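Asker: In our numbering, each residue's number is its place in the sequence shown (first place is 1) plus 22. C-beta atoms are modelled at their ideal positions from N, C-alpha and C, and glycine is treated no differently. Here the structure is a predicted model, which means the values were calculated and not measured. Just dropping this structure here.
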Amino acid sequence: MRMKSKDLRKELRFGSPLQQLLLGYTQTFLAVISQSVACSQHHDVEQRLARWLLTMNDYAGSREFVMAHESIAAMLGVRRPGITEAAGRLQAAGLISYRRGRISVLDKRGLEKKSCECYRFIRQQYERLHGALPRLLSGK
Numbered sequence: 023m024r025m026k027s028k029d030l031r032k033e034l035r036f037g038s039p040l041q042q043l044l045l046g047y048t049q050t051f052l053a054v055i056s057q058s059v060a061c062s063q064h065h066d067v068e069q070r071l072a073r074w075l076l077t078m079n080d081y082a083g084s085r086e087f088v089m090a091h092e093s094i095a096a097m098l099g100v101r102r103p104g105i106t107e108a109a110g111r112l113q114a115a116g117l118i119s120y121r122r123g124r125i126s127v128l129d130k131r132g133l134e135k136k137s138c139e140c141y142r143f144i145r146q147q148y149e150r151l152h153g154a155l156p157r158l159l160s161g162k
């Protein structure tokens with residue numbers, strides 16, 4: 023989508039649905055980023071991996087996805103061996119299955135119990151934004 027800056031400024035001046043949508047997205051984005059930073063400082067690798075797997079499960083629309091441990095480690099800001107160990111514990115608990123970069127969520131509820139509270143908070147932020155979309159797009 024492209025818009026001239028002049029038109030965007032005009033649209034944002036009057037409390038338009040576009041302004042409300044952009045503000046809602048910004049609020050959600052900042053809340054999720056802030057929570058993710060706090061999560062990386064206060065929760066262990068297994069909890070963070072569980073959170074990440076649940077988020078992928080929610081937004082990928084599939085219980086199975088392909089992702090190398092090294093890529094997950096980079097996203098979570100940890101070393102690859104930490105992901106391998108945490109994934110091994112989650113697999114031993116019967117919560118996930120993984121082999122050669124293919125990860126399957128076997129027990130979502132069990133994974134939610136292993137995850138930190140950050141998963142629920144982040145999910146609520148996205149649900150709040152998605153719930154507001156019809157109202158914002160209708161201009162009411």
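1) Do Glu-68 and Lys-136 have their beta-carbon atoms positioned less than 8 Å apart in this structure?
2) With which residues is Tyr-120 paired in a DSSP beta bridge?
3) Report yes or no: do three or more beta-carbon pairs, one from the segment 100-114 and one from the segment 50-60, lie closer than 8 Å?
4) Enumerate in chain order the residues of its own chain whose CB-to-CB distance from Thr-106 is below 7 Å, with the five nearest sequence positions on each side excluded.
5) Which same chain residues end up closer than 6 Å to Gly-46 when comparing Cβ atoms and leaving out the 5 residues on each side of it in sequence?
6) How is the alpha helix (DSSP H) around Phe-51 delimited, first residue to last?
7) Count the other CB atoms within 10 Å of the CB of Ala-82; is the residue buried (16 or more) or exposed (fewer)?
8) Could you tell me which uninterrupted beta strand (DSSP E) segments, each at least 3 residues in length, are contained entirely in the segment 59-107, listed from first to last along the chain?
9) Would you tell me roughly how many angstroms separate the C-alpha atoms of Val-88 and Phe-51, rounded to the nearest one?
10) What is the DSSP secondary structure of Lys-166, reduced to helix, strand or coil?
11) For Val-149, name the three-state secondary structure that DSSP assigns.
12) Leaving out the 5 sequence neighbours to the left and right, which residues in its chain are closer than 8 Å to Trp-74 when beta-carbon positions are compared?
13) For the putative contact between Arg-85 and Ser-126, defined by C-beta atoms under 8 Å, what is the C-beta separation to the nearest angstrom?
Answerer: Put simply:
1) Result yes, Cβ atoms of Lys-136 and Glu-68 sit closer than 8 Å.
2) Ile-125
3) Contact fails: fewer than three Cβ-Cβ distances are below 8 Å.
4) His-91
5) Cβ within range, chain order: Leu-151 and Ala-154.
6) 39-64
7) Residue burial is scored here from C-beta neighbours: Ala-82 has fewer than 16 other C-beta atoms within 10 angstroms and is therefore classed as exposed.
8) The segment 59-107 contains, as complete beta strand (DSSP E) runs of 3+ residues, the segments 86-88 (chain order).
9) 25 Å
10) In the structure as shown, the chain starts at 23 and stops at 162, and residue 166 therefore has no counterpart that could be examined.
11) Before going further, note that residue 149 is Glu rather than Val in the sequence given. In this structure, Glu-149 counts as helix in the three-state DSSP scheme.
12) Ile-94, Met-97 and Leu-98
13) Right, their Cβ atoms sit about 6 Å apart.
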